[in-house]
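The working numbering puts the first residue of the sequence shown at 51, with every later residue one more than the last. Note that beta-carbon positions come from the ideal geometry of N, C-alpha and C, so glycine has one too. The structure appears below as structure tokens.
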Amino acid sequence: MLDHTGEGQKRPQRVRDGGSIADGDGQLELQPAFLYLGQNNFSEAHKFFTEILRMDPTNAVANNNAAVCLLYLGKLKDSLRQLEAMVQQDPRHYLHESVLFNLTTMYELESSRSMQKKQSLLEAVASKEGDSFNTQCLKLA
């Protein structure tokens, strides 16, 4: 599974004390979630990604990584639902390689019909992105 990881710095004090998960500029702080992800603590990472999504439901990085955490927590169906809902909600915003790679990997784990599901993704990508999209992330071969 692909994740988007940050730099391995110390977890900010304001988060450790249960405070805001925003940095000084008001940007959402993904770093604590990535630290937990890097430690294979998927439950805690999922909590942070979910909190970020509560404040910013359009955060594709948090959404994608929350779904990855669900997968590693043994919740394949929930993980698939999350990624599929994200892609269906706004294909222009969410149809990018890391999301599609994770979604196709989950299709392979979930179903013997994974090739048909991947083909549907290819059709969605083709209608939105055209020829410039790298289709290797769909693992069609």
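Just to confirm my understanding: we take residue i, look at its own chain, exclude 5 residues before and 5 after, and list those with CB closer than 6 Å. What are they?
{"i": "Ala112", "result": "Phe99, Ile102, Leu103"}
{"i": "Gln132", "result": "Ala117"}
{"i": "Tyr144", "result": "Ala110, Met136, Val137"}
{"i": "Tyr86", "result": "Glu94, Ala95"}
Are the Cβ atoms of residue i and residue j separated by less than 9 Å?
{"i": "Thr108", "j": "Asp128", "result": "no"}
{"i": "Leu123", "j": "Met156", "result": "no"}
{"i": "Val39", "j": "Asn152", "result": "Residue 39 cannot be examined here, being either before or after the span of the chain that is shown, 51 to 191."}
{"i": "Ala196", "j": "Ala95", "result": "Residue coverage of the chain in this structure runs from 51 to 191, which leaves residue 196 outside it and unanswerable."}
{"i": "Met136", "j": "Asn115", "result": "no"}
{"i": "His171", "j": "Leu150", "result": "The residue asked about is misnamed: residue 171 is Leu in this sequence, not His. Contact flag set, yes."}
So is residue i buried or exposed if we call it buried at 16+ other beta carbons inside 10 Å?
{"i": "Leu159", "result": "exposed"}
{"i": "Gln81", "result": "buried"}
In its own chain, which residues sit with a C-beta less than 7 Å from the C-beta of residue i, not counting the 5 before and 5 after it?
{"i": "Leu126", "result": "Met156, Leu159, Glu160"}
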